[in-house]
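Have a look at the structure below, then the notes.
Number of protein chains: 2
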Amino acid sequence: MNVAIISIGDELMNGFTVDTNSSWISRKILKYDLLDVVSKVTVKDNINDIKDNLDYLIKNNIDYIFITGGIGPTHDDITKKALADYFNTSLVINSSYYLRLKEYFKNKNIKTTSSLKSQAQILENSIPIPNRYGTALGMKIEYNKSIIFVLPGVPREVKGMVEEEICPLYLSPSLKEVEKYITLLTTGVYESKLFEILENIINENSDNFKVSFLPQYTGVKIRLSRMKKKKDLNIFKDIIMNKIGKYVYGFDDDKIEEIVAKKIVKNGLTLAVAESCTGGYISKKLTDIPGSSSYFKGSIVAYDNSIKEQFLEISDQLLINSGAVSSEVAIDMAENIRNKFKVDIGLSTTGISGPSGGSEDKPIGLIFIAISTKNKKIVKKFNLIPRRREHRDIATHTALNMLRLVIK
Amino acid sequence: MNVAIISIGDELMNGFTVDTNSSWISRKILKYDLLDVVSKVTVKDNINDIKDNLDYLIKNNIDYIFITGGIGPTHDDITKKALADYFNTSLVINSSYYLRLKEYFKNKNIKTTSSLKSQAQILENSIPIPNRYGTALGMKIEYNKSIIFVLPGVPREVKGMVEEEICPLYLSPSLKEVEKYITLLTTGVYESKLFEILENIINENSDNFKVSFLPQYTGVKIRLSRMKKKKDLNIFKDIIMNKIGKYVYGFDDDKIEEIVAKKIVKNGLTLAVAESCTGGYISKKLTDIPGSSSYFKGSIVAYDNSIKEQFLEISDQLLINSGAVSSEVAIDMAENIRNKFKVDIGLSTTGISGPSGGSEDKPIGLIFIAISTKNKKIVKKFNLIPRRREHRDIATHTALNMLRLVIK
Chain W
373 MNVAIISIGD
383 ELMNGFTVDT
393 NSSWISRKIL
403 KYDLLDVVSK
413 VTVKDNINDI
423 KDNLDYLIKN
433 NIDYIFITGG
443 IGPTHDDITK
453 KALADYFNTS
463 LVINSSYYLR
473 LKEYFKNKNI
483 KTTSSLKSQA
493 QILENSIPIP
503 NRYGTALGMK
513 IEYNKSIIFV
523 LPGVPREVKG
533 MVEEEICPLY
543 LSPSLKEVEK
553 YITLLTTGVY
563 ESKLFEILEN
573 IINENSDNFK
583 VSFLPQYTGV
593 KIRLSRMKKK
603 KDLNIFKDII
613 MNKIGKYVYG
623 FDDDKIEEIV
633 AKKIVKNGLT
643 LAVAESCTGG
653 YISKKLTDIP
663 GSSSYFKGSI
673 VAYDNSIKEQ
683 FLEISDQLLI
693 NSGAVSSEVA
703 IDMAENIRNK
713 FKVDIGLSTT
723 GISGPSGGSE
733 DKPIGLIFIA
743 ISTKNKKIVK
753 KFNLIPRRRE
763 HRDIATHTAL
773 NMLRLVIK
Chain G
373 MNVAIISIGD
383 ELMNGFTVDT
393 NSSWISRKIL
403 KYDLLDVVSK
413 VTVKDNINDI
423 KDNLDYLIKN
433 NIDYIFITGG
443 IGPTHDDITK
453 KALADYFNTS
463 LVINSSYYLR
473 LKEYFKNKNI
483 KTTSSLKSQA
493 QILENSIPIP
503 NRYGTALGMK
513 IEYNKSIIFV
523 LPGVPREVKG
533 MVEEEICPLY
543 LSPSLKEVEK
553 YITLLTTGVY
563 ESKLFEILEN
573 IINENSDNFK
583 VSFLPQYTGV
593 KIRLSRMKKK
603 KDLNIFKDII
613 MNKIGKYVYG
623 FDDDKIEEIV
633 AKKIVKNGLT
643 LAVAESCTGG
653 YISKKLTDIP
663 GSSSYFKGSI
673 VAYDNSIKEQ
683 FLEISDQLLI
693 NSGAVSSEVA
703 IDMAENIRNK
713 FKVDIGLSTT
723 GISGPSGGSE
733 DKPIGLIFIA
743 ISTKNKKIVK
753 KFNLIPRRRE
763 HRDIATHTAL
773 NMLRLVIK
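In the order they appear, the protein sequences are chains W and G. Numbering of the first sequence is given in this note's numbering, commencing with residue 373 and proceeding in unit increments. Numbering of the second sequence is given in this note's numbering, commencing with residue 373 and proceeding in unit increments.
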């Protein structure tokens with residue numbers, strides 16, 4: 373069964389808004405056994421363009437067509453008008469919804485205008501799709517061999533309506549969720565090394581499974597995909613994990629800070645960070661995770677050397693002799709933050725993200741990351757990409773990975 | 373003149389990769405007077421799909437067609453094959469480029485395979501487009517009334533090739549860069565308020581200029597667009613700024629942390645931060661900016677109350693009486709970080725991002741942000757969106773905006 377996605381909006385066409393809805397819908401839809409996304413187009417807020425694109429898909433008997441955007445209350449929003457035109461039907465007010473909407477705004481003391489009515493307007497040939505996260509109603513329309521879903525453009529609303537309404541209620545009951553893709557997240561290992569280890573397995577299984585290597589700054593993602601129905605991707609995953617498991621920190625949408633958080637909680641540990649070049653980035657990532665207050669006590673961002681001296685008690689002699697960017701300073705930072713903040717694990721970074729501050733001895737990109745626990749001191753030196761943004765991203769990821777590896 | 377963009381790749385179609393290239397190209401291209409982006413499609417790594425979509429655009433006499441993706445070295449990359457098929461031409465090795473590529477890898481001591489050759493392969497009917505940021509050559513092809521640019525899928529490479537090669541060398545010299553869009557970035561003011569102030573101006577100018585309100589969590593963007601050629605958008609911008617200038621912190625792609633950084637540098641000030649609920653996020657944003665080490669000394673992330681007591685010298689009595697989330701604690705945090713870190717400005721946050729930790733008195737979403745300077749103490753209370761991620765985003769943005777306002 374084929375799926376197509378039409379994303380409507382001048383903001384998408386002119387590039388001011390990146391279309392994340394169509395990616396999200398694809399990933400969600402591809403979890404179903406027999407569904408395949410075959411077409412994705414962006415269309416302006418233009419009645420003829422909308423009609424032409426929809427017509428093409430309907431004539432090609434696409435089973436499910438998702439339309440997002442252009443059903444809001446402003447005059448640019450002309451998706452409903454285009455559809456009423458195309459289906460030669462009229463727009464009607466869903467009066468029970470309209471009354472509920474009016475009541476809601478009244479209770480919130482928000483003045484409403486005539487545009488509110490348009491939010492409750494649906495095509496006469498459609499079934500309304502409730503929207504728990506916004507005001508515009510969605511629609512389901514059946515026409516020829518296609519089922520068409522009309523949704524707003526706001527990502528949060530699209531997600532809610534697809535997850536809570538369309539998937540459970542309106543997709544064919546014959547569709548089953550299966551694993552068609554599994555992504556292994558690795559870090560600290562080259563693509564070529566991974567390929568060398570896996571080459572034989574990949575070749576032996578190439579009729580049934582596909583293995584794609586997706587190198588990123590922070591590590592290589594390995595995407596396993598099922599080529600044939602009825603083949604179990606999880607069995608293939610186990611074969612792969614058996615070979616490269618030690619490089620894999622997570623799967624699919626896992627984030628390294630979540631993985632670290634789970635391990636810390638499981639072991640009942642506490643943590644503090646002394647950051648120089650990462651400037652608060654590691655602390656930010658750690659506190660992104662709900663519940664982090666139970667194990668993360670805090671940090672000192674010692675961006676200036678005077679802060680390293682006064683608040684992390686790095687000796688000025690060491691700063692002069694070894695330099696702020698050195699393994700000795702990194703270790704002392706990790707040790708001292710652990711002792712001062714009275715935690716189980718101290719983590720530290722000191723490096724040069726650029727664009728200035730590099731020298732021949734200590735070039736931009738250099739970084740030392742250290743971890744101190746009661747029984748262990750670890751320090752590692754890396755020469756990362758010498759561009760500020762990437763350097764900070766990779767440094768933070770690498771520090772979190774060192775944390776992951778140090779915790780049982 | 374019409375522009376179309378074809379984004380090629382299974383990863384795009386199945387939603388694992390979000391297509392940022394087409395948005396970036398749109399924005400870049402729309403800076404030229406007479407260019408208009410009229411079509412954007414995503415196409416799988418499939419020869420027939422690629423040929424069909426290209427054929428449709430060429431038959432519609434699209435002036436410039438950008439194709440991204442699928443020219444890499446792996447077996448999935450079939451864009452070049454599809455194009456050779458379509459144009460009924462063959463692929464040839466650009467031998468001088470191939471030798472350079474081989475030399476480059478040899479110097480870097482990287483083993484190369486036969487796939488390297490494919491990176492130097494171009495269509496016989498094409499002109500090569502150099503790629504300073506990667507290995508795959510791009511191509512320019514003229515066919516019927518269309519000029520077709522073939523580019524890799526890696527965003528950094530696309531940007532480089534469009535900015536450094538295509539725009540200066542291959543677009544019609546009759547095209548001039550003009551301001552077709554200006555975006556005003558506001559924060560701390562409601563959309564309805566802005567609309568009220570601007571309503572008359574918008575109506576009076578609606579034939580020539582369009583004003584779109586784009587509310588985001590961190591503020592309302594106002595996009596001004598020129599409806600008619602020869603109308604000067606900058607004059608209209610000045611009229612608008614005259615009315616709402618005090619809410620505008622920047623334009624287009626400006627970031628609030630950059631604006632703050634410029635003001636701090638200009639005034640020769642220094643800064644330190646005491647973060648509780650924002651957990652390092654403000655420090656991270658500040659240090660994202662190159663050169664921040666000249667004014668940002670560092671932070672204490674006092675996530676746990678014990679850190680607030682010991683390292684920010686917040687009295688335990690105050691913590692008990694007023695609670696950690698209080699205006700008194702926020703002020704003391706800002707004052708004490710300023711004094712301890714010996715800087716001109718101390719900034720602090722203390723709040724409840726959730727999902728837990730809220731009470732009837734102090735619900736999730738509550739936050740106090742304080743600023744301390746030699747002559748001033750400011751503290752503000754906000755009830756922000758009670759969802760962790762949004763709360764942290766808005767809190768950080770709001771704190772940076774308070775900084776902006778406090779500096780002359």
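Ideal Cβ placement from N, Cα and C applies to all residues, glycine included. No experiment lies behind these values; they were computed from the predicted model shown.
Residue contact with chain G for Ser687(W): absent (no Cβ-Cβ distance below 8 Å to any residue of chain G).
Pairwise C-beta distances place the region 739-750 of chain G out of contact with the region 665-677 of chain G, as fewer than three of them are shorter than 8 Å. The DSSP-derived three-state label of Lys746(W) is coil.
For Pro727(G), the neighbours in chain W by C-beta distance under 9 Å run, in chain order, Pro662, Gly663. For Glu549(G), the secondary structure class from DSSP, reduced to helix, strand or coil, is strand. For a cut-off of 8 Å, the C-beta gap from Ser462(G) to Glu496(G) is around 5 Å, short enough to register as a contact. One finds Gly651, Gly652, Tyr653, Lys656 in chain G with Cβ atoms closer than 7 Å to the Cβ of Lys656(W), taken in chain order.
The beta carbon of Ser398(W) sits closer than 6 Å to the beta carbons of Val409 from its chain, once the five residues preceding and following it are set aside; these are given in chain order.
With contacts defined as CB atoms closer than 8 Å, Val530(W) and Asn374(W) fail to qualify as a contacting pair. Against Asn386(W), the close residues of chain G are Ser398, Arg399, Leu402, Val409, Tyr553, in the order they occur along the chain (beta-carbon pairs closer than 8 Å). The three-state secondary structure of Ile757(W), taken from DSSP, is coil. Within the DSSP secondary-structure output, Gln493(W) pairs in a beta bridge with Ile465(W). Closer than 7 Å at the C-beta level to chain G, one finds these residues of the region 706-730 of chain W: Phe713, Pro727. Asp624(W) and Ile419(G) have their C-alpha atoms some 29 Å from each other. Each residue's CA atom was taken as its position, placing Arg764(W) and Gly652(W) some 10 Å apart. Taking the C-beta atoms as reference points, Ile631(G) is found no nearer than 8 Å to Tyr619(G). Excluding five sequence positions before and after Asp660(W), the CB atoms of its chain that fall closer than 7 Å to its own CB belong to Glu629, given in chain order. Contact between Ile437(G) and Ala376(G) holds, with the beta-carbon distance rounding to 5 Å and staying under 8 Å. Judged by DSSP in its simplified three-state form, Ala696(W) adopts coil rather than helix or strand. Using a Cβ distance threshold of 8 Å, Glu762(G) and Tyr542(G) do not count as a contacting pair. By the Cβ-count criterion, Phe477(G) is exposed, with fewer than 16 other Cβ atoms from all chains shown falling within 10 Å of its own Cβ. Secondary structure of Ser678(W) (DSSP, three-state): helix. In the three-state reduction of the DSSP assignment, Met599(W) falls in the coil class.
By the CB criterion at 8 Å, Arg595(G) and Tyr553(G) fall inside the cutoff. Per DSSP, Asn374(W) is not a residue of any alpha helix (DSSP H); the beta strand (DSSP E) it occupies stretches across 374-380.
Using a Cβ distance threshold of 8 Å, Lys593(W) and Thr555(W) count as a contacting pair.
Per the C-alpha coordinates, the member of Ala454(G), Asp424(G), Lys416(G), Leu407(G) positioned closest to Asp435(G) is Leu407(G). Within chain G, the residues whose beta carbon sits less than 8 Å from that of Thr392(W) are Val390, listed in sequence order. Going by C-alpha positions, Phe388(W) is about 45 Å away from Asn572(W). Look at the region 760-775 of chain G: the residues with a C-beta under 7 Å from a C-beta of chain W are Arg760.
Listed in chain order, the non-local C-beta contacts of Ile612(G) below 8 Å within the same chain comprise Leu556, Leu570, Ile573, Val583, Ile594, Leu596, local neighbours out to five positions each way being set aside. For Val413(G), the C-beta contacts it makes with chain W under 9 Å involve Ser411, Lys412, Val413, Thr414, in order along the chain. A distance below 7 Å between beta-carbons, with the five flanking residues on each side excluded, links Ser698(W) to the following residues of its chain, in chain order: Phe740.
About 6 Å separates the Cβ atoms of Glu700(W) and Leu690(W), confirming a contact at the 8 Å cut-off. A contact between stretches requires three or more CB pairs, one per stretch, nearer than 8 Å, and the region 575-582 of chain G fails this requirement with the region 636-646 of chain G.
Take Asp391(G), set aside five residues on each side of it, and the residues of its chain with a beta-carbon closer than 6 Å to its own are Ser379, Leu384, in chain order.
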